[in-house]
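Taking it in order: structure first as structure tokens, then the write-up.
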Amino acid sequence: MRDSIVRKARESAELSARFVERAAGELERCTAALAIRFREGGRLLVMGNGGSACDAQHVSVEFNHPIVEKRRPLPAQALGTDVAWLTAIGNDTDFSRVYLEQLEAMARPMDSVLGISTSGASTNVNHALRRARELGLLTIGFAGRDGGAMVDLCDFSFVAPSWSVHRIQEVHTLLLHLLWDHVHVSLGEDDVL
1 MRDSIVRKAR ESAELSARFV ERAAGELERC TAALAIRFRE GGRLLVMGNG GSACDAQHVS
61 VEFNHPIVEK RRPLPAQALG TDVAWLTAIG NDTDFSRVYL EQLEAMARPM DSVLGISTSG
121 ASTNVNHALR RARELGLLTI GFAGRDGGAM VDLCDFSFVA PSWSVHRIQE VHTLLLHLLW
181 DHVHVSLGED DVL
């Protein structure tokens with residue numbers, strides 16, 4: 001069992017390192033674009049399903065309530081956290097519309113939208129990303145596997161090159177922290193991570 005634990009930890013670390021080396025330039029451009037949106041009064045709206053919904057809440061709280069001293073809060077909202085609203089949409093229309101309808105109700109012109117999906121094929125996330133682009137919002141996607149349909153719906157797409165949901169989620173967690181940190185750096189704050 002010990003060998004399996006060490007092997008999986010090594011896989012995760014190596015995958016994350018290779019991914020970030022390839023994606024660093026794109027992530028830098030993404031954080032700069034997101035910082036401009038925040039500077040202009042925009043918010044970050046985040047969505048995902050299952051574990052990716054947890055990631056959406058995770059990154060939202062990082063932006064809203066920074067645990068690092070001297071970091072200012074930036075407005076972010078995880079969609080799907082209002083159970084009554086979520087179930088009303090799912091029941092009255094279709095679950096594939098839950099994020100689309102929330103986005104249409106909440107989005108403002110300078111907002112940004114981050115969709116998280118380990119497959120890149122989550123219909124409800126992709127419907128909302130498509131609409132976000134139509135509205136002129138900045139669209140960011142975190143996916144895995146081959147990226148699915150999500151990659152064509154986003155201004156910035158980050159695809160963890162793995163078919164393992166666990167390795168993909170581990171890369172996404174690193175990406176969330178880098179995104180949060182470097183948006184602040186783009187806004188002129190110190191690099192603290």
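Take 1 as the starting number for the sequence shown in UniProt numbering and just add one per residue. We put the beta carbon where it would ideally sit given N, CA and C, even for glycine.
Check the Cα spacing between Leu34 and each of Ser4, Arg7, Leu74 and Ala53: the tightest is with Leu74. Each residue's CA atom was taken as its position, placing Leu44 and Arg97 some 19 Å apart. Within the same chain, Cβ atoms closer than 7 Å to the Cβ of Leu175 are found at Phe142 and Phe158, the five residues on either side in sequence being excluded. Per the C-alpha coordinates, the member of Val165, His127 and Leu138 positioned closest to Met150 is His127. Nearest Cα to Ser16 within the set Arg108, Met47 and Ile168: Ile168. Under a 10 Å Cβ-count criterion, Glu62 is classified as buried, with 16 or more other Cβ atoms of the shown protein chains found around its own Cβ.
Judged by beta-carbon spacing, Gly42 lies within the 7 Å limit of Asp111, meaning their Cβ atoms are closer than that value.
In the DSSP assignment, Phe95 falls outside any beta strand (DSSP E), carrying neither H nor E.
With respect to the 7 Å criterion, Arg29 and His184 are not classified as neighbours on the basis of their beta carbons. Sequence-distant partners of Gln102 (beyond 5 residues in either direction) whose C-beta falls short of 6 Å from its own C-beta, in its chain, are Leu79. From the listed residues Ala160, Leu135 and Leu138, the smallest Cα separation to Arg145 is found for Ala160. Where Leu187 is concerned, there is no enclosing beta strand (DSSP E), because DSSP gives it neither an H nor an E.
Secondary structure of Met150 (DSSP, three-state): helix.
Per DSSP, the continuous alpha helix (DSSP H) segment holding Thr123 begins and ends at Thr123 to Glu134. Contact between Gly115 and Leu129 holds: CB atoms are separated by about 5 Å, below the 8 Å threshold.
The closest CA to that of Phe19, considering only Val46, Asp190, Leu178 and Glu69, is found on Leu178.
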